[in-house]
Amino acid sequence: MNFSAWSLLAYGALYLSALFGLAYITERGWIPLRWVRHPATYVLSLGVYASAWAFYGSVGLAYEFGYGFLAFYLGVCGAFLLAPVLLIPVLRVTKSYQLSSVADLFTFRYRSQAAGTISTLFISFASLALLALQFQALDNSLHVLAPSQDTRIVSLLFCAMIIFFAIFFGARGQTRAERHPSLIVAIALEGGLKLVIILALAILIAYQVFGGFGEVNSWLQENAQRISAMERHLEEGPWRAMLLIFFASALVMPHMFHVTFTENLNPTALYKASWGLPVYLLLMSLPIPIFMWAGIKLSVPTTPEFFILGLGQVLNAPWISIVAFLGGLTAASGLLIVTCLALASMMLNHVILPVYQPLSRGNIYSWLTWVRRGLILFILGSGYLFSLFLDNRFSLSELGILAFSAGLQLLPGVMAVIYWPLGNRNGFISGLCAGVSLWFVTMPLPILFGVDVFSVNPWRDSYSFNPDDWHYYVMASLTLNIFIFVMVSLFTDASQAEARSAQACSVDTLMRPSRRELVATSSEQFKDFLTESLGRQAAEREVNHALAQLQLHEVEYRPYALRRLRDQIEANLSGLLGPALAQDIVKQNLSFKPATSVAPAQDIYFVESKLEEYHNRLSGLAGELDTLRRYHRQTLQNLPIATCSLGADLEVLMWNHAMEQLTGIPAPQVIGSHISAIAKPWSTLLFSFANAEERHVSKKRLDINGAPHWFNLHKAAIESDGASGAGQVLLLEDYTETQLLEDELVHSERLASVGRLAAGVAHEIGNPVTGIACLAQNLKLMTSNEEVLETSGHILVQTQRVSRILQTLMNFARSGNYTQSAQHGPTELKRCVDEAIHLLSLSTKEPQVLYVNEVEETVKVMGDGQRLVQVFVNLLSNARDASEASANIWVRASLQQYSIHVEVEDEGSGISGDQIDHLFEPFYTTKGPDKGTGLGLSLVYSIIEEHYGHIRIESPADKESGKGTRVIIELPAYQSDSESISAELTET
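Okay, structure coming up:
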C-alpha cells in the first residue's frame, strides 16, 4: 500500500504543531514548574540521543554488525554510569562560568580563542553528516511510503517547519545563552513518544508476525543459519571502536552537550539520569532485533534500515507505517532542532564574533538574536543541501559512524579539562589538528569524495583504502592526537591565566582567586567602564542582572563584592558572547590595579564560602581537615570578645558574633569591605588602630550616639608561609561598664569625704553657736531692757535654727553608716516627711516647687526615722529635679491592713518604660552630667528592704497627659496593743 507524500506531510505538520503547542503552553507557564524541572523530564529530553539513526539505523547496524549495534547504546550508557566522576565535574564548570558548548569549555580552559574556533569548525563539519543522516532518513521514509512520488518538495517543507520551530523557541528574543525550558519539555515529549511508539510496534509485530514472543524463540532456532549474521559480525575491533566513539558522544557531540549541560535545569537531575538514561536506552534497544527478524522472515522489500516501515506495508496495516513514520519524524526533528541551536551558539561565539564585534551599538541583544536566527537557517539549510549532495550513496550507519568518530577527536581535550591540569593550549591545538588531519584523510576524504590517499605513495605494494578497516583509522587518529597533545604540553609552558583556568576546572581542586583591588570602586563605575564596549543600555542591563544574581545591593562598594560582581559579569558575557570575547571585555574595562611588590593574598572569604558548599562531599583526610577548620572557625565566631580579621590591605575577612552585637553591624554587610568604609564611628576607631604601631591600647574613649564608651584594643599579626604582613586580628574589649563603675566609686568616695568634712564642720560650728546661745540667754537674764531682750530673743531663735540645721546635717551624715545597727521603733511618718522637706528647702539653687505633705500625724510605721528621712530626701529631690518651677509634689499615706501605703507623686516629664527597670541599679541615672550619681534610688531600695517593705515606680502618673511619676512604698504599720486586739476582733 502506497501513501500520498502530501498526506504524510499533513500528518507530520499536525504532529509538529502539537509539539509547538506544548512548547508554547510551557512558555506561558501553564505547565507546573515542578514538572518542567522534574528529573523524568530531563531524562526523557536526553532521549534526543536516540535520533533517526536509533529508530531506523540501528536495525541496519544490527543487520551489518550483529549484536555490535548495542555499542550505540552501551557507549553512552557507560558515560552516564560514570556521571559522578565524568559528567558532574563538567556540569560544575559549565554552570559556574556559563559555558554553553564544548567550544566554550575549550576556550575557557585553554584561554585560547583559536582552540574554540578550531573545535567549532571541526565539529560543525562533522555534524553536517549527522544532520544529513536525519534528512536522508526522513526523505527515505517518504520514498518507502510513497515510492511513485517526488518527495523532494515535501522534504524541503519538513525542513522549513523544523527551521521555524527552532527559531521560534530557540532564538526568540534571547538576551544571553539562557536555557529553553519550553523546548526541553517538547524534546522530552518526543523522547517519551519515541519510546512508546517503538515498544508498542515491537509488541504488535511480535504477535502479528511470529504469534508471540515464545514463537520468536522457536523461529530463531529453526532459522539459525538465516540469522547467523548476528554472531558472525561480532568482531572485537569495530566493537571496541564503536563503544569508544559513542562513549565520547555524551561529552563532545553538540546535541548531547547542549541537553546534558547547557539546558540542565536541576543539577541533581544528572544523578538520576546516570541510571535513568541507561534504562531508557535499554528499552529503546530491545525492539531492534524484533524488527530485523520480522523483516527477514517476511522478506520486506526495503533496506534493513527501513524494515519498520516496510512491515506495515507487508502486513497491510497502513496505520503501523504511519505510526512508524511519526516515530522516525520525532527522532529526527528532535536532534535537528537541538543540534542546530548548539551549533548556532558555537558559530556565533567562535566564528562570527571573533571576526566582527558589534559592541557599543544601539541594541546588541537584537543583533545577536537575528544573527542566531540566520545561523539556524544556515546550519539546517547546509545539512539539507549536504543530504542532497550525498544522494543516498551511503547508508545511515556509515553517516552515523562518520559523524560520531569525528567527535572522538575532542575527547582528549575534554578529559584534560577535568583530569589533567598540565595540558595547555599548545598541546591541545597541536594534537587536535594532527588527529583531525589523519581522520579527514582516512575517513571523509575516501568515503565522501572517493580520494584514496593510500594509493599515492612511492611503494610498489601500496595499501588501498578499505571501508572495513574504519576502526583502525579512528583509533590511529585518536592515538596521534593524544600523543602530540601530551608531548607538546609537557615541553611547553602554560600561561598564568591558563593555569588558573586549569585549577578552576580540575576535579578535587578549589579555585583560589587573588584578593586584588579593582580600578572601579563601585558598581556604578562598572556601568561607566563597560559602556565603552557594550553601550550604556547593555552595560546597565548586564551589571544590574549580575547584582540581582548575586543578591547584592543596587549600588555596591565593598571590594569583595566588586570582585564577585566582576566574575559574574564575565560569566554572563561568556554565555552571551563567548568566553574569549567576554574575558577581553572584562580585562580591558574592569581591570585590577597594578600589582605591588607584595604578592596579592588569596581571597580567604571566597575559599571559606566554597568550602562550606563542598563540605558534605569531603571524606577521609579532607573531611577531617574540614571538620577541624569548621571547629576553629566556630570557636572564633563564638568568642565572647569582639574579634575581626583583616587582610594586608585592611579588607575585613572575619567579623564574629560578639563584634556584630557590639557594633550593631551584621557580618554579611561588612565582610569584604575596607575597614575605613564601615559605619562610623567604628571605622575611625578600627582604621586608626590597625595602622598604629601599638599592639595594645587601654581605655580608648569613643562617643556613640552622644554617650561616651571606653574600649581596650588588642591586635596580633597573622603570618602566612613564614612571611609577615599577611593580615592582622583585632580584639575589642568593652570597658565602658567598668569605667563608669570606677568613676562612680571615685565620685562616691569624694561625696563620703565631703560628708565627713560636713559633719566635722557642723561639730566645730556647733560649739560657738552654743556659746552664742548661752550668751544670749544670759543677756536676757541680766537686763530688763525690752530692746535688748527682743534682740537676745532673735539671737536665740536664729541660733536654734542654726542648731537644727546642724543637727539635720549630722543625722543625714550618720545615716550612711551601715556599720551601725538600725533601731526600729514607732516613727511618725509626717515628721520624717516634714524634716526631709525642711532639708530640701535650704537649697535656693534648685527649682522652687510646692511640697504638699498630706500624711496624717496618726500614721506611724515601724522603722528608723533618720533612715526614712534619707528615703524621702532622695525621693523628693528626684521629684523636684524632674518638675518645673511652681509645680506641686504630693506625699500621701494611708493604712491598708497591716501596712502603710505611701505615695510620692510629681507633675514632671515622667520616665520611659525601658528606664524604669534599671532605676534601682547602682550608678544608673537619667539625669545629666554632674547632676546625679545613680546611687540615690539604690540606697532607697536598700533602706526599704531593711524595713521589710516594698517600693515600685509608676510612670506616667497621669495617663491622659502622659506626665508625672508616682513612687509607691509599702511599710509595716505600727500598731499599739489595743489597736492590735481591736483589729483581731474586727477580723473575727
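Counting the sequence shown from 1 gives a position; the working numbering is that position plus 1.
Just so you know, even glycine gets a beta-carbon here, dropped at the ideal spot from N, CA and C.
Treat the numbers as computed from the prediction; the structure is a model and nothing was measured.
Hey, quick one: how far does the beta strand (DSSP E) through residue i stretch, first residue to last?
i: Tyr-852; result: 851 to 854
i: His-951; result: 951 to 955
i: Thr-828; result: 826 to 829
Among the options, which residue has its Cα nearest to the Cα of residue i?
i: His-144; options: Ser-18, Trp-7, Leu-491, Pro-560; result: Trp-7
i: Val-301; options: Leu-336, Val-60, Tyr-474, Thr-370; result: Val-60
i: Ile-719; options: Val-730, Val-186, Leu-869, Ala-116; result: Val-730
i: Ser-962; options: Ser-943, Leu-940, Gly-911; result: Gly-911
i: Ser-895; options: Glu-904, Pro-848, Leu-876, Ser-887; result: Glu-904
i: Gln-497; options: Arg-112, Glu-734, Leu-45; result: Arg-112
i: Glu-399; options: Met-444, Leu-386, Pro-359, Gly-408; result: Met-444
i: Leu-1; options: Ala-115, Trp-36, Leu-184; result: Outside the displayed span of the chain (2 to 989) sits residue 1, for which this structure offers no information.
i: Trp-711; options: Lys-700, Gln-670, Ile-705; result: Lys-700
i: Trp-683; options: Thr-664, Ile-199, His-697; result: Thr-664
i: Tyr-272; options: Leu-83, Ile-164, Glu-533, Leu-574; result: Leu-83
i: Met-243; options: Phe-107, Leu-349, Val-475, Arg-153; result: Val-475
i: Ile-168; options: Gly-579, Glu-955, Thr-370; result: Thr-370
i: Leu-566; options: Gln-670, Leu-591, Leu-446; result: Leu-591
Residue i by DSSP, collapsed to three states: which one?
i: Ala-178; result: Any reading at Ala-178 must be qualified, since the residue scores a pLDDT of 48, below 50, and its modelled position is unreliable; no value is offered.
i: Thr-820; result: Residue confidence is low: Thr-820 scores 41 on pLDDT, short of 50, so the model does not pin down where it sits. Its coordinate-derived value is still stated next. Here Thr-820 sits in coil by DSSP.
i: Asn-692; result: helix
i: Ala-984; result: Caution is warranted here: a pLDDT of 48 is assigned to Ala-984, below 50, making its placement in the model unreliable, and the coordinate value is therefore given only provisionally. Here Ala-984 sits in helix by DSSP.
i: His-715; result: strand
i: Pro-709; result: strand
i: Ile-901; result: strand
i: Gly-726; result: With a pLDDT of 49 at Gly-726, under the threshold of 50, the modelled position of this residue cannot be trusted; read the value that follows with caution. Reduced to three states, the DSSP call for Gly-726 is strand.
i: Ala-668; result: helix
i: Asn-889; result: strand
i: Val-356; result: coil
i: Trp-31; result: coil
i: Leu-782; result: helix
i: Lys-969; result: What sits at residue 969 in the sequence shown is Ile, not Lys. Residue state, collapsed to three classes: strand.
i: Phe-292; result: helix
i: Met-285; result: helix
i: Gln-976; result: coil
i: Ser-507; result: coil
i: Val-862; result: strand
i: Val-556; result: coil
i: Pro-595; result: coil
i: Pro-268; result: coil
i: Lys-528; result: helix
i: Ala-230; result: Bear in mind that the predicted position of Ala-230 carries a pLDDT of just 49, short of 50, making it too unreliable to give a figure here.
i: His-675; result: strand
i: Ala-958; result: coil
Taking 8 Å as the threshold (beta carbon to beta carbon), is residue i in contact with chain C?
i: Ala-201; result: The structure shown contains no chain C, having only a single protein chain.
Assign residue i to buried or exposed, taking buried as 16 or more other Cβ atoms, counted over all protein chains shown, within 10 Å of its Cβ.
i: Val-155; result: buried
i: Asn-427; result: buried
i: Asp-568; result: buried
i: His-554; result: exposed
i: Arg-559; result: buried
i: Ala-127; result: buried
i: Gln-410; result: buried
i: Trp-471; result: buried
i: Phe-326; result: buried
i: Ile-309; result: buried
i: Val-44; result: buried
i: Pro-305; result: buried
i: Ala-11; result: exposed
i: Ser-125; result: buried
Which two residues bound the contiguous alpha helix (DSSP H) that contains residue i?
i: Ile-570; result: 560 to 578
Next item on the list: Evaluate the contact criterion for the region 248 to 263 versus the region 97 to 106: three or more CB pairs, one atom per stretch, below 8 Å.
Entry: yes
Check: Would you say the region 342 to 352 touches the region 237 to 257, given that touching needs at least three Cβ pairs under 8 Å?
Finding: yes
Note to self: With three or more C-beta pairs closer than 8 Å as the rule, is the region 188 to 203 touching the region 323 to 339?
What the structure shows: yes
Note to self: With a threshold of 8 Å, are at least 3 pairs of Cβ atoms found where one atom belongs to the region 208 to 226 and the other to the region 366 to 383?
What the structure shows: no
Margin query: Whether or not the region 829 to 841 and the region 783 to 798 are in contact is what I'm after, with contact meaning three or more pairs of Cβ atoms, one per stretch, closer than 8 Å; do they touch?
Written below: no
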